[in-house]
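Written out below as structure tokens is the structure these notes cover.
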Amino acid sequence: MKNRLTVRSYSKQSNSHSHTYHQLVLPIQGSIEIAITENTSTVYDGIISVGDCVVIKANNTHRFCADDQAKFIVADLIALPSNIENGQHTHFAISPSLQSFIQYVGVQLESQIDIEVEQLTLDLFQQLLQQQEFNHRTDSRIEKVIQLIQHDLSQSYSITQFAKTAYLSTTQFKKLFKQSTGLSSMQYVTKLRMEKAKALLIHTDTPIQIIAEQVGYNDLSAFSRRFSIHFNQAPSAFRKS
């Protein structure tokens, strides 16, 4: 057995088995119900969907069922990355960058790719896994707000809008969001905006004015001040460094 990535579909009929290697299941379309046991103890029993990853360690018995239309990236691994092996991370939310990558992998694996490209794809997948920060799935109402923010960082948001999206009062929303993320909703928005701006400055030649607009700042001076506070360096100086 060697490390590999595959695209798979499963049936509605529940199927139970185990194997001598580790396996990660990451949905790219639909969802899957998975139950995992180690000896006689239940390790995980639930539903995972797009944006999730579940870890099935070697020799753990698992059963699953899914709609025929659902698709998954399955990683068969001889060894797990140390951040997964050493932690208690059976089920976690994956980063937006890893989610985007596995969607790309799904397209590539369903077309003809050569052995070298396949190995490079696997190597990059493992590198992204090693960089994964582990966040257990948050309250579904807060997830809706996070998805709203991630979808378009150029928009102007308000706590009232977030609370309405989450079907919570503003007081309930602020408390639950802070419990889920460790940040206030506006701190979270700023964090994502600055991270996207940083990535655009590093990886593109997009003018700084346009980057500012793409991350929600129509005023370039306001963007520069916020970026400087966040990274201790002005955007123009950061790009040159």
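FYI, in this note's numbering the residues of the sequence shown are -2 to 238. Ideal placement from N, C-alpha and C gives every residue a C-beta, glycine not left out.
Closest to residue i by CA distance: which of the options is it?
i, options, result
"Val71", "Ala194, Asp64, Thr58 and Leu106", "Leu106"
"Asp73", "Ala163, Gln123, Pro204 and Thr162", "Gln123"
"Ile143", "Gln116, Leu125, Thr168 and Arg190", "Arg190"
"Leu145", "Ala163, Glu130 and Gln128", "Ala163"
"Asp64", "Asp49, Ile44, Ala55 and Thr187", "Ile44"
"Lys(-1)", "Ser151, Gly103 and Gln116", "Gln116"
"Glu192", "His16, Val102, Ile99 and Gln211", "Gln211"
"His16", "Tyr41, Glu130 and His59", "His59"
"Leu23", "Arg5, Arg222, Ala160 and Asp202", "Arg5"
"Ser28", "Asn57, Phe69, Leu2 and Asn12", "Phe69"
"Gln66", "Asp120, Pro93 and Tyr7", "Tyr7"
"Phe61", "Asp42, Gln127 and Ser79", "Asp42"
"Ser92", "Asp149, Gln129 and Lys161", "Gln129"
"Gly213", "Ile31, Asn56, Leu126 and His148", "His148"
"Phe224", "Ala209, Pro204, Phe89 and Lys175", "Ala209"
"Ser151", "Asp202, Leu126, Asn215 and Ala160", "Asn215"
"Arg1", "Ile75, Lys161, Gln100 and Ala55", "Ile75"
"Gln100", "Gly179, Gln169, Thr3 and Phe89", "Thr3"
"Lys141", "Val114, Asp120 and Phe170", "Phe170"
Less than 8 Å between the CB atoms is what I'm expecting for residue i and residue j, so what's the real figure, rounded?
i, j, result
"Asp136", "Ser177", "6 Å"
"Leu217", "Gln206", "5 Å"
"Gln26", "Val51", "At roughly 16 Å, the Cβ-Cβ gap does not stay under 8 Å, so Gln26 and Val51 are not in contact."
"Leu77", "His19", "5 Å"
"Ile33", "Thr87", "7 Å"
"Phe228", "Phe220", "The Cβ separation is near 12 Å, so there is no contact."
"Ile226", "Leu173", "So it is not a contact: roughly 27 Å between Cβ atoms."
"Leu125", "Phe98", "6 Å"
In terms of residue numbering, what span does the beta strand (DSSP E) encompassing residue i cover?
i, result
"Leu97", "Going by the sequence as given, residue 97 is Ser instead of Leu. First-last for Ser97: Pro93 to Leu106, but that is the alpha helix (DSSP H), not the beta strand (DSSP E)."
"His86", "It is not in any beta strand (DSSP E) - His86 carries neither H nor E in the DSSP assignment."
"His16", "Careful: His16 lies outside any beta strand (DSSP E) and carries neither H nor E."
"Thr63", "The sequence given here has Ala at residue 63, not Thr. From DSSP, the beta strand (DSSP E) with Ala63 extends over Thr58 to Ala63."
"Asp202", "Premise fails: Asp202 is in no beta strand (DSSP E) and is neither H nor E."
Helix, strand or coil for residue i? Go by DSSP, reduced to three states.
i, result
"Tyr41", "strand"
"Ile75", "coil"
"Lys(-1)", "coil"
"Ser238", "coil"
"Val142", "helix"
"Val212", "coil"
"Val186", "helix"
"Ser46", "strand"
"Leu217", "helix"
"Gln152", "coil"
"Lys54", "coil"
"Gln230", "coil"
"Gln20", "strand"
With residue i as the anchor, note down where its alpha helix (DSSP H) starts and where it stops.
i, result
"Ala32", "Per DSSP, Ala32 belongs to no alpha helix (DSSP H); it is in the beta strand (DSSP E), Ser28 to Glu35."
"Val114", "Ile112 to Gln127"
"Ser177", "Thr167 to Thr178"
Within 9 Å of any Cβ in chain D, is that where the Cβ of residue i sits?
i, result
"Lys141", "The structure shown contains no chain D; it holds only a single protein chain."
>> With three or more beta-carbon pairs closer than 8 Å as the criterion, would you say the segment 109 to 128 touches the segment 31 to 47?
In response: Counting Cβ pairs under 8 Å, fewer than three are found: no touch.
> On the three-pair Cβ rule with 8 Å, is the segment 146 to 165 touching the segment 197 to 204?
Replying inline: When Cβ pairs closer than 8 Å are counted between the two stretches, the segment 146 to 165 is seen not to touch the segment 197 to 204, the count staying below three.
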